[in-house]
Each structure stands twice: as C-alpha cells, then as structure tokens.
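If you're matching positions, the sequence shown starts at 551 in this note's numbering and goes up one per residue. What follows is one structure encoded as structure tokens, with my remarks underneath.
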Amino acid sequence: MHPRRWSFTTQTLAVLVLLVAVVLVVAFGGSAWVLQRQVEQDAGRLALAIARSVAEDDDVRAGAEAASDAAPAPAAALVEGPVQAAAEDARERTGALFVVVTDDRGLRIAHPVPDRLGQRVSSDPSVPLAGGEVVEEDTGTLGPAARAKVPVRAPGSDRVVGEVSVGVAVAEVDRLAREATLLAGGTAALALLGGIASAVLLTRRLRRLTHGVEPEEIGGLLQGHEAVLHGIGDGVVAVGADGRVVLANEEAVRLLGRPVEPGDPTADWPFALRALAAEPDPVPRLTVLADRALLCSSRRVERDGRGLGVVLTLRDRTDVELLTRQLDAVAEAGTVLRAQRHEFANRLHLVSGLLDAGSAEEAGEYVHTLLGTGPLGTAVEGLDAVADPYLQAFVAAKAAHAREGGVQLRLGGVSVRARLADPVDVTTVLGNLVDNAVTALAGRPDGVVELDLVADGRTLVVAVADNGAGVPVELGDRVFEPGVTTRPSGEGGIGLGLVRQVARARGGEARLASAGGDGELGGAVFVVELPGVLEEGGAT
C-alpha cells in the first residue's frame, strides 16, 4: 500500500505553522541575544552611575584626599570612617554587589568586607587614577560583576586622589536577562499560538470556499466539468446575479448564432432570452432565435439562501418543429384527399347504378354536372389555375378549415402551372400564414383571407392578406421575432419565425408587406419568396 499523501490543505497548514515557528524562533533567538546585551549594558550604565554618584560625595572626596596625603591607615580606623559609611550606604541603597573606594595608591579605604580595608585592590586602578573611566565585566574578590571605575577628585580641585569601583553582580544581570527573555518567550509563544490559530482558520475558510474539495481535486473536477459542459448536446449559459454571462458552452454559442464571452451583458439579448434570465422558468418554452426553433428553460441557482444567478438551457428543436409543422400539413392534405376519394367513390357508384339501370342519358348528364363543380363540390374559385394536385388539395383543405371557423378563404392572383418540387416547404409556409390569418379573424362574421400564388421560374411567391385589424405599427417587422404575437392571450409567436426560417434557408425572404390600412381588404399582408420549390419547365 502506498502511504497516504497529505492533502493540499493539510500541507498548507503545516507549511504555515512551520513558517510561523521558524520566524518566531529566529526572532526569539535574536531578541534574547539583544536583550542579554541590553541588560548587560544597562548593568554597566547602572554601575557607572552609582560610581559617579559616590565619587561626587563630599565625604568620599575629603576622605580620599586625607588618605592619599597620610600614611596608610589600619583597617580598624577605616571601618568607622565616613568613606566606609558613604560607600555602604550607596551599596545598600542601590543593591550593588560592592562599592569600593581607594586612595591614589590603590589601597582600599571602603569595602563591603571590612577585613580587606587597607589592602590593595585586585584589579588595575591605573586608568581611573589617571582620570579615566572604565566599564567592564570582570571577576574580582566578590565574584563576577559588571564593574565601573571612576576617579575621585580632591574637593575644589581636579587632582585625582583615588577611585570608586562599583560592581553589579552577574547573577543579578542574568536574572534580569532571564526575566526579559521569559517575557519575550511568552510573547513568542502567544504569537505562535496566534499564527497556528490563523493558519487553521485560513485552511477552514479554504475548505468552505471549495465546499470541502481539496485544491488538487479541483483540477480533476474542472476537467470533468469542462468535459460535461462541452460534451452535452444542449446549450448551457450561466448568468450571474449581476446580469452578466459567467460561462457558455460551444453549443450555446452555435444556437445563439453570436459569440458569447464571460462578462458579456444580457441587456442586448433577444427579448425571449432576457425574460428567461430575469424571471427563471423551468418549464421549457419554444422560441425562434437566429432562424432556429429553440426549447428554452432557466433555473435559479442559490447557495445558502443567496441567489448566485440563473442557468439557461437551450435545446435545438428546429428540425423537430419543422417536421411537426410539415406533418400537420401533410395530415391535413391527407384528410382532404381521403374525403375526395370517398366522395368520388360515391359519385362513381351513382354513375355505375345509372348505367346498370340503363339510364345512360341520365348518367351522362350527371358526369357533365360533376365536371363543372370540381372536387368535393366546395372548390375554391380559381383553384384550377394551380396545376399541382397536392397544392390544390392543400388549398382546398385550408378553405374547408377556414369555413369551419366562419372565415372565407379566396384566391386572388393565381398562376402556378408548374408542379411542386418541394411540397413540404410550400405547405409549411402556406399553412402557417393561412392559419395565422384565420386565427386573427376569429369571431368576425365577415372574415376574409385572400391567397395569391405566383410562379417566377422555379420561385413561388406567396401573399396572404386578410380584413382583420392588422399588425400594430410599433411591432412592424418584429412580428417575425420569437415570442412576439398579436394574440390577446399572448400565446404563439412561433409560426412566423418558422416561415422566415424556411424562406431564408432557401435563399428567399419573408416580410410584412403591409401592417394594415392599405389594399382592398385593409388588413395585414405577408409576402414570402420561396426559391427552388417549383419544378423546371413550368409556365408562368
């Protein structure tokens, strides 16, 4: 088994703690050294200050002058002298290890150990006796100490008549240094604990931000995320709470028909998508965008009750929607053809019965009557100008459907002698235009829809007009945009977009020739050009 590797977060915590510890150890070591030197220097300055104070004492100056001018005095005489009293008073008052006073010969005239009075000092007194001052660490008869030596001058004169030597015990210096070091150590320990606590809090925050996923795992998740995002067949666009794009996959860019970059605003998006981004709706909504029929839905994304944005899903339904419309057209034409077959069969049965009964003359008259009435007895006037039987049947079916809604479908200018090369696209366009016109006239007792069909080579020009209220001026050409409709219910907004899509796919165009108020009928007029839908050789 391989040993388990520390996670990145644990490694980060360990590195931070180690870094804080190293910094604190170095800082503590340096501080301890500096504090030791500082305490030693402070001890030397203290000894020097005490020595100077004692050297300025009048009793000490006078006693040192007297001792220098006279023969060496015995210890018994010096122990009760004023110099010894002043020196001891200073030592007890300051806590110094010793305060020693000598004459100009280096003989002690004050010492904390009375038995050593009158004896020569153990260290060299030449510097202070020459008028100089000395601060040093030295070991004398009373042990190691920080020592200061200063000259004693005769009263009212600069003549050096002795020296004062003051020592502060090294043990005291070490005690002060230890106290300072312990204080620094305590501060360093608190800093270390604070650093560890900060590192722990930082790693916990990192875990929260990554939802418990280690940074080394994020790379794999990101690769998986990218693979899923760009591998699915649907378009996905994530929009942040600020209304700007966070990400979009290649399929979304293709379906939208425009570049989509992170940070792009959604304010210039088509209305249908802006509405979905502003008001998320998980129920798929069919819309036409960039000549495509898209099934769009959106969901709000929240985390801990805070809105993070919206995710839009786009699914291409262009082929499915076109096929559905085309199948509807084929089914409607099939219904008409079945009705024609049924009526033709009835008529043939009648002719057969007349002939069987020997009534040939009546049978002939009946046939002549049939030739004048056309199919189903409900033919649209002028439909014989359409040579293609499929197109004839489809127009007849639409006329029958319109009559069911109380609307008359009539032909205007019709001149199509060629057969259809692509009846599906033609019936898709005709079906949507006629259905829209019939729907717009619902409830009108005098509703009229006029259909014009003109062939121009292999191009079929279709025009559909009605006597309805027309298209509002403010909409204009926007009626071809997805989701835009003139129906009071707000439903629809798909058919005209598909009409334009079919026309443009063939290199043609669909346009609103008149919004209303013009022409014989006074309603809206739509014109569509469909190149290549007629067979070669048809007359115009």
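C-beta: ideal position from N, C-alpha, C; glycine also. Small disclaimer: the values here were computed from a predicted structure and weren't measured.
Item	Value
Looking at C-beta atoms only, is the number of pairs between the stretch 1013-1022 and the stretch 1058-1075 that lie closer than 8 angstroms three or more?	yes
Just checking my contact of ALA698 with VAL685 at CB under 8 angstroms: how many whole Å lie between their CB atoms?	5 angstroms
Check whether the stretch 1054-1062 and the stretch 1077-1088 touch, using three or more Cβ-Cβ pairs below 8 angstroms as the test.	yes
For ALA822, count the other beta carbons within 10 Å of its own beta carbon; 16 or more makes it buried, fewer makes it exposed. Which is it?	buried
With a threshold of 6 angstroms on Cβ separation, who are the neighbours of ASP1002 within its own chain once the five nearest residues in sequence on each side are excluded?	GLY962, GLY963 and ALA1013
Looking only at C-alpha atoms, which of ASP1006, SER909, GLY981 and LEU1010 sits nearest to LEU1048?	GLY981
Would you report the Cα separation of ALA571 and GLU638, rounded to the nearest angstrom?	49 angstroms
How far does the alpha helix (DSSP H) with GLU800 in it extend, from its first residue to its last?	800-806
Please tell me whether TYR916 and VAL936 are closer than 9 angstroms, where the distance is taken between their beta carbons.	no
Does the count of Cβ pairs from the stretch 644-652 and the stretch 585-604 closer than 8 angstroms reach three?	yes
Going by Cα to Cα distance, which pick from GLN634, ARG595, THR837 and ASP608 is closest to VAL651?	GLN634
Give me the Cβ distance between ALA791 and LEU864, rounded to the nearest whole Å; I'm assuming they're in contact under 8 angstroms.	Rounded, the Cβ-Cβ distance is 21 angstroms, inconsistent with contact.
Alpha carbons only, please: which of ARG808, CYS846, PRO809 and ALA680 is nearest the one belonging to LEU826?	CYS846
By Cβ distance, which residues of its chain are closer than 6 angstroms to VAL966, with the 5 residues on each side in sequence left out?	VAL936, LEU1003 and ALA1005
Do VAL649 and ALA660 have their C-beta atoms closer together than 9 angstroms?	yes
With DSSP as the reference, label THR863 as helix, strand or coil.	strand
Near LEU752, which residues of its chain fall below 6 angstroms by C-beta distance, leaving aside the five closest residues on each side in sequence?	none
When the Cα atoms are used, what is the spatial distance from PRO675 to ALA627?	23 angstroms
Let's see if you can read the secondary structure: which residues bound the alpha helix (DSSP H) around ASP639?	632-644
Looking only at C-alpha atoms, which of ASP609, ALA952 and LEU667 sits nearest to VAL702?	ASP609
With 16 as the cutoff for other CB atoms within 10 Å, does ARG808 come out buried or exposed?	exposed
If I measure Cβ to Cβ from PRO812 and keep anything under 7 angstroms in the same chain, skipping five residues before and after, which residues do I get?	VAL795, VAL796 and LEU797
Apply the 10 Å Cβ neighbour rule to ASN896 and answer buried if 16 or more other Cβ atoms are within range, or exposed otherwise.	exposed
Give me the DSSP bridge partner(s) of SER847.	THR863
Would you please state the rounded distance, in angstroms, between the beta carbons of ARG666 and ARG658? I believe it to be under 8 angstroms.	6 angstroms
Cα separation between ALA680 and VAL714?	13 angstroms
Judging by CA-CA distance, which residue of ASP653, ASP975 and ALA802 is the nearest neighbour of ARG1054?	ASP975
Can you tell me whether LEU647 is helix, strand or coil according to DSSP?	coil
Quick check on SER1096: buried or exposed, where buried means 16 or more other Cβ atoms within 10 Å of its Cβ?	Nothing about residue 1096 can be read from this structure; the chain reaches only from 551 to 1090.
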